[in-house]
Amino acid sequence: MRQEVDPRQTNRSQAFELWINSPMPMVTLTKTLDVTRLRKRAKRGKFKLNMLLCWSIGKAACEMEEFYVVPEDGKLFQYDLLAINVIVKNKNGGISTCDVPFHESIEQFDYDYRILTAQVYESCEDYSLDGYMIIGTSALVETELDSIVNQYSGRFSNPFLAWGKLRKGFFKSTLPISFQFHHVQMDGAEASAFLERLQLEVAQ
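Just so you know, our numbering puts 117 at position 54 of the sequence shown, and the rest follows in order with no gaps.
Written as structure tokens, this is what we have:
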């Protein structure tokens with residue numbers, strides 16, 4: 064469900080006044096995650112690594128109220144559901160986007176992830192969800208990347224995470240991940256707390 068809220072009645076009132084008309088309101092933080100346990104879990108064969116990372120992102124975000132409020136078209140909107148957007152290489156060689164509803168049950172999220180991304184692969188059409196706060200993701204696994212800074216078009220204010228190829232060591236696997244967010248939605252302290260939560264999730 065999506066509904067407009069009065070910024071003055073939220074804890075983002077001051078941030079809304081400061082940043083809603085900023086020509087570049089996005090902030091990007093980059094953190095290198097220890098994904099050793101996540102990689103081992105994926106190697107067991109039941110779950111794909113990218114799905115596990117997307118689920119961990121949703122799990123870390125769902126416990127933070129900042130992720131349920133996002134500015135759009137000069138207004139502030141409240142959501143009660145989250146979804147993770149993934150980029151799918153479709154069968155025609157192009158790319159399409161797919162919104163996967165977040166579930167705390169990893170089995171349910173994995174089921175939706177596999178069914179919906181396969182559907183998008185075959186149809187070559189985007190799959191979008193209404194009434195969800197969308198967390199964007201992009202996995203550029205062709206090369207190792209230190210950081211990714213996305214452009215801001217003014218159309219999308221949703222949080223966005225991106226990463227490159229996994230860095231595999233003998234005893235440890237790491238992954239630098241970039242987190243872009245709208246300054247109205249959260250400040251650096253909340254964004255940093257989210258990245259710490261994400262590290263805890265991928266380490267389980």
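Don't be surprised by glycine CBs; every beta carbon is placed ideally from N, CA and C.
How about residue i and residue j: do their beta carbons lie closer than 8 Å?
{"i": "Phe-167", "j": "Cys-117", "result": "The displayed chain sequence assigns Glu, not Phe, to residue 167. Not in contact: Glu-167 and Cys-117 (Cβ atoms no closer than 8 Å)."}
{"i": "Asp-97", "j": "Ala-266", "result": "yes"}
{"i": "Gly-251", "j": "Val-90", "result": "yes"}
{"i": "Thr-237", "j": "Thr-93", "result": "no"}
{"i": "Arg-107", "j": "Leu-229", "result": "no"}
{"i": "Ser-241", "j": "Val-212", "result": "yes"}
{"i": "Phe-140", "j": "Gln-66", "result": "yes"}
{"i": "Asp-143", "j": "Met-249", "result": "no"}
{"i": "Phe-219", "j": "Met-127", "result": "no"}
For residue i, is the classification buried or exposed, using 16 other Cβ atoms within 10 angstroms of its Cβ as the cut-off for buried?
{"i": "Gln-72", "result": "exposed"}
{"i": "Asp-193", "result": "exposed"}
{"i": "Leu-263", "result": "exposed"}
{"i": "Met-114", "result": "buried"}
{"i": "Asp-162", "result": "buried"}
{"i": "Phe-234", "result": "exposed"}
{"i": "Arg-270", "result": "For the chain, the structure presents residues 64 to 267; residue 270 sits outside this window and is missing."}
{"i": "Gly-147", "result": "Here residue 147 turns out to be Ile, not Gly, going by the sequence shown. Result: buried."}
Can you tell me where the beta strand (DSSP E) with residue i in it begins and where it stops?
{"i": "Gly-251", "result": "Careful: Gly-251 lies outside any beta strand (DSSP E), inside the alpha helix (DSSP H) at 251-265."}
{"i": "Asp-189", "result": "Unbroken run through Asp-189: none, as it is neither H nor E."}
{"i": "Leu-139", "result": "138-142"}
{"i": "Thr-160", "result": "158-164"}
{"i": "Asn-74", "result": "No beta strand (DSSP E) contains Asn-74, which DSSP labels as neither H nor E."}
{"i": "Lys-152", "result": "145-152"}
{"i": "Gln-248", "result": "Note, Gln-248: premise wrong, no beta strand (DSSP E); not H, not E."}
{"i": "Glu-135", "result": "132-135"}
{"i": "Glu-67", "result": "65-68"}
Between which two residues does the alpha helix (DSSP H) holding residue i run?
{"i": "Ser-36", "result": "Missing from the structure shown is residue 36; the chain here goes from 64 to 267 and no further."}
{"i": "Met-114", "result": "112-124"}
{"i": "Val-183", "result": "169-186"}
{"i": "Ser-85", "result": "No alpha helix (DSSP H) contains Ser-85, which DSSP labels as neither H nor E."}
{"i": "Leu-101", "result": "99-106"}
Whose C-beta lies closer than 7 Å to the C-beta of residue i among residues of the same chain, with five residues either side of it excluded?
{"i": "Leu-145", "result": "Gly-121, Ala-124, Cys-125, Phe-130, Phe-165, Tyr-195, Met-196 and Ile-198"}
{"i": "Pro-88", "result": "Trp-82, His-245, His-246 and Val-247"}
Only counting the same chain, and skipping five residues up and downstream in sequence, which positions put a Cβ closer than 8 Å to that of residue i?
{"i": "Thr-276", "result": "Since the first residue shown for the chain is 64 and the last is 267, residue 276 is missing from the structure and cannot be characterised."}
{"i": "Thr-180", "result": "Val-149, Val-151, Cys-161 and Val-163"}
Between which residues of its own chain and residue i is the CB-CB distance below 6 Å, once the five residues before and five after are set aside?
{"i": "Phe-172", "result": "Trp-118 and His-166"}
(message) Report the start-end ranges of each beta strand (DSSP E) in the segment 198-232 that is 3 residues or longer and not cut off at the edges.
(response) 223-226
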